[in-house]
Each structure stands twice: as C-alpha cells, then as structure tokens.
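Residue numbers (my numbering): 1098 to 1207.
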C-alpha cells in the first residue's frame, strides 16, 4: 500500500486594494491538526501594509455606503448564492483546517 500523497503547500499573499500581492513581512504556517501536515503559508503584514489595507478598506466603505440599498441587497444575495454553491468545498476546508469530521464542517458552514 502506498503512503498518502503529500499535498502542495499553498502560499498566499495579501489582498489589498483589489489586488493580490506579496508581503514584505514574515510568514506563518497553518497545519492539518489530524496529520500535522503544513497546508499553507500566510504573510504577516507589515505596519505599512496594514495601514495601506485599512486605507483601501475605508475608501471601499465610502463607496459602499453611497451604493443604493437595493443594489447592496442584490450584491449580498449574490454573495449568499456563491457561498451556497461552494458549501461542500468550504466544509472540506473547515474539516481539514480544524480537524473536524465532515458533518461538523458542513454544520459550521451552514
């Protein structure tokens, strides 16, 4: 019997101002608690990167609050539809990252 295949470690960046970018900061790892396997690495944003992200978030909020309520509702409903379509993928991610059985992962995303 062959040992389980190693999964590739995902390396994530920062999402600032609508774009993915690399960080100048250190990185941290997340692990599958059931196997100890490293799943992904994430950046620890620098103070400058954090300030830039906050600035972009404030600008986005100003645009959002000027968006008419019916349009905001449409966008939120579309986001809910996307989450429902991806429910099983999200449940599997919760299961892997939290060490839960799949039924619990599904309950968490419900």
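From the three backbone atoms N, C-alpha and C, an ideal C-beta is built for every residue, glycine too.
No experiment lies behind these values; they were computed from the predicted model shown.
Can you tell me whether DSSP reads residue i as helix, strand or coil?
i: residue 1137; result: strand
i: residue 1155; result: helix
i: residue 1099; result: Note that residue 1099 scores a pLDDT of 47, beneath 50, so its modelled location is shaky; the value from the coordinates is reported in the next line. Of the three classes helix, strand and coil, the one that applies to residue 1099 here is coil, per DSSP.
i: residue 1127; result: strand
Exposed or buried, residue i, counting other C-beta atoms within 10 Å across all chains shown (16 or more means buried)?
i: residue 1193; result: buried
i: residue 1202; result: buried
i: residue 1174; result: exposed
If you check the beta carbons only, do residue i and residue j fall under 9 Å apart?
i: residue 1196; j: residue 1140; result: no
i: residue 1188; j: residue 1206; result: yes
Nearest to residue i by alpha carbon, out of the options?
i: residue 1113; options: 1122, 1147, 1201, 1161; result: 1147
Does the contact criterion of 3 or more C-beta pairs under 8 Å hold for the region 1172 to 1185 versus the region 1110 to 1120? no
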